[in-house]
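Contents: one structure, followed by commentary.
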Amino acid sequence: MEVEVNTQPNYQVKIENHLFQTIGKEIRHYWTPRKVMVVTDYTVQALYYDELQEQLQKEGFEVFLFSFPEGERNKSLEIAEQLYEGLAEQGFNRGDGIIALGGGVVGDLTGFVAATYMRGIPFLQIPTTLLAQVDSSIGGKTAVNLPFGKNLVGAFYQPDAVFIDPIMLQTLEWPYLAEGLAEVIKMAMIGDKELWEHLQTLPLEKEAFFAQLPYIITRACQQKADIVRQDPYDYGLRRKLNFGHTIAHALEAIDDYKGLRHGAAVAIGMVAILQLAYKEQWIENETMIEELIQLLEKFHLPTEYDEVGMDEIFEYIVRDKKGMKDEITLVLVNEIGQSFFKTISYEELWEILE
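For what it's worth, UniProt numbering labels the leading residue of the sequence shown as 1, then goes sequentially.
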């Protein structure tokens, strides 16, 4: 299965079980032999790097490795600088390439470095987590974090292609799968009722679960690709993909990216923003919120978080990149598959949070 992402430039997302077994030949279809830097984390390196290196070398590529500790705290300017230096030391130029092999942290960091090294060098994505496969590997958003918040330094930069092998997800423990499902639920909530209904009946037994993953991944990728096509630079419609993320990013930053995983934060953020909207009578569908909580609980995702005060959340939101002037635009859902924007002043938000 393939999903076309119609941006400038266009690129394909190829989704296929066992795709990684022929990944060298797949990459050779897009790139002529050249120097390539494979960027990954220590965990993924141990699982997949040797196989990728061998396949690339068979296709005539000269392969280099940059690996770093996993975790959101390492999506930083410090790690980016180390990668810049590694590329420069090996003489990489704009005719060479970078491959992101890993989850969302690896993909975001690699894309940012690719966008900025020598003003742009080609890169490919091989996402190895469900979160990255359905969300962060598609759309060209790249970034690193600052102590003040998440994704504050970044660029829009599209990969040449994305290669998704759902079989690679079988190495993951459930919390890593669940946080990807949080993003799938988000996609269903904002614009895909059919996907929502499919998630309702998705079995948790391993064999049956993985049998249905290619469909779920493809459906989520198609929806995101359609949104990105209409709004590649996040000026309007694409901001619907931020549903649940304003509060989620605040929670992650306050937690200092130590224990609260992104998908868990998104789950909490979706419930919190809808509960706030219902309380303020911006939406009327309380049953929908209950159904969301039930679905999140089905996948063992959290729905509340009591370790952070509202004053801390507000302080982060004020400086979050989604805030414009003296107001903030929230993404809300009034029916499954139907979302809308609600713009309020910071003063009004503070009064509500108090």
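We put the beta carbon where it would ideally sit given N, CA and C, even for glycine.
Alpha carbon to alpha carbon, how far is residue i from residue j?
| i | j | result |
| --- | --- | --- |
| PRO33 | GLY91 | 16 Å |
| LEU213 | THR142 | 25 Å |
| GLU348 | ALA161 | 43 Å |
| LEU182 | GLU81 | According to the sequence shown, residue 182 is Ala rather than Leu. In a straight line, the C-alpha of ALA182 is about 31 Å away from that of GLU81. |
| PRO147 | VAL153 | 11 Å |
| VAL5 | PRO159 | 10 Å |
| residue 355 | LEU276 | Residue 355 is absent from the model: the chain starts at 1 and stops at 354. |
| GLY95 | ILE121 | 7 Å |
| LYS321 | ASN145 | With a pLDDT of only 46 at LYS321, under 50, the local geometry of the prediction cannot be trusted, and the value read off the model is given with reservation. Cα-Cα distance, rounded: 12 Å. |
| GLN53 | LEU295 | 40 Å |
| PHE314 | TYR346 | 9 Å |
| GLU179 | LEU301 | 8 Å |
| THR201 | PRO127 | 26 Å |
| ILE336 | LEU19 | 33 Å |
| LEU330 | TRP350 | 14 Å |
| GLY323 | TYR235 | Confidence at GLY323 is low in this model, with a pLDDT of 47, below 50, so the placement of that residue should be treated as unreliable; the coordinate-derived value is given next. Rounded to whole angstroms, GLY323 to TYR235 spans 12 Å at the Cα level. |
| ALA155 | ALA253 | 20 Å |
| LEU47 | SER67 | 13 Å |
| GLN170 | TRP31 | 28 Å |
| ASP256 | THR43 | 21 Å |
| ALA115 | GLY107 | 12 Å |
Could you work out which residue in the options is closest to residue i when comparing CA atoms only?
| i | options | result |
| --- | --- | --- |
| ALA220 | LEU251, ALA132, THR201 | ALA132 |
| GLU280 | GLU252, PRO232, ILE344 | ILE344 |
| ILE289 | TYR278, TRP282, LYS298, TYR30 | TYR278 |
| GLN338 | LYS186, GLN125, GLU89 | LYS186 |
| HIS29 | ALA248, TYR11, VAL44 | TYR11 |
| PHE341 | GLU351, ILE328, ILE352, TRP350 | ILE328 |
| TYR84 | ASN285, ILE216, ALA272, VAL113 | VAL113 |
| PHE299 | PRO232, VAL184, LEU330 | VAL184 |
| GLN222 | TYR176, TYR235, ILE138, GLU297 | ILE138 |
| GLY103 | GLN55, TYR176, LYS35 | TYR176 |
| GLY191 | ASP226, MET168, GLN170 | ASP226 |
| ASP231 | GLU297, TYR215, GLY140 | GLY140 |
| ASP165 | ILE216, ASN151, TRP174 | ILE216 |
Assuming the contact rule is C-beta atoms closer than 8 Å, residue i and residue j should be a hit. Round their C-beta distance to whole Å, please.
| i | j | result |
| --- | --- | --- |
| LEU274 | VAL228 | LEU274 to VAL228, Cβ: 24 Å. No contact. |
| VAL105 | GLU70 | 7 Å |
| GLY317 | ALA250 | Reading off the sequence shown, one finds Ile at residue 317, where the question assumed Gly. So it is a contact: roughly 6 Å between Cβ atoms. |
| ASP135 | LYS224 | 7 Å |
| LEU65 | THR129 | With 8 Å as the limit, LEU65 and THR129 do not qualify as a contact, their Cβ atoms being about 20 Å apart. |
| GLU72 | HIS262 | 7 Å |
| LEU101 | VAL39 | 7 Å |
| VAL36 | GLY97 | 5 Å |
| LYS150 | LEU109 | The Cβ separation is near 13 Å, so there is no contact. |
The beta strand (DSSP E) with residue i in it runs from where to where?
| i | result |
| --- | --- |
| PHE210 | Unbroken run through PHE210 is the alpha helix (DSSP H), 206-230; no beta strand (DSSP E). |
| VAL308 | Premise fails: VAL308 is in no beta strand (DSSP E) and is neither H nor E. |
| ALA143 | 141-146 |
| THR287 | No beta strand (DSSP E) contains THR287, which is instead part of the alpha helix (DSSP H) from 286-298. |
| TYR176 | Unbroken run through TYR176 is the alpha helix (DSSP H), 174-191; no beta strand (DSSP E). |
| GLN338 | 338-345 |
| LYS25 | That residue, LYS25, is in no beta strand (DSSP E); its alpha helix (DSSP H) goes 23-30. |
| ILE15 | 11-15 |
| GLY154 | 149-156 |
| LEU83 | Element bounds for LEU83: not the beta strand (DSSP E) but the alpha helix (DSSP H), 77-89. |
The alpha helix (DSSP H) that contains residue i, what's its start and end?
| i | result |
| --- | --- |
| LEU56 | 50-58 |
| VAL113 | 104-116 |
| GLU335 | Premise fails: GLU335 lies in the beta strand (DSSP E), 327-335, not in any alpha helix (DSSP H). |
| ALA46 | Run containing ALA46: none; DSSP gives neither H nor E here. |
| GLN278 | Residue 278 is actually Tyr in this sequence, not Gln. Looking at the DSSP string, the run of the alpha helix (DSSP H) that includes TYR278 is 262-279. |
| ALA161 | Counting along the chain, ALA161 falls outside any alpha helix (DSSP H), though it belongs to the beta strand (DSSP E) covering 161-164. |
| ALA248 | 245-254 |
Taking only beta-carbon atoms, is residue i less than 8 Å away from chain C?
| i | result |
| --- | --- |
| HIS300 | Looking at the structure shown, chain C is missing, and only one protein chain is on hand. |
Is the segment 299-309 close to the segment 205-217, with three or more CB pairs under 8 Å? No, the segment 299-309 does not touch the segment 205-217.
Cβ pair count under 8 Å reaching 3, the segment 59-66 against the segment 21-30: The segment 59-66 makes contact with the segment 21-30: 3 or more CB pairs, one atom from each, lie closer than 8 Å.
May I ask you to verify whether the segment 223-242 touches the segment 254-268, counting CB pairs closer than 8 Å and requiring at least 3? Cβ pair count under 8 Å is below three, so no.
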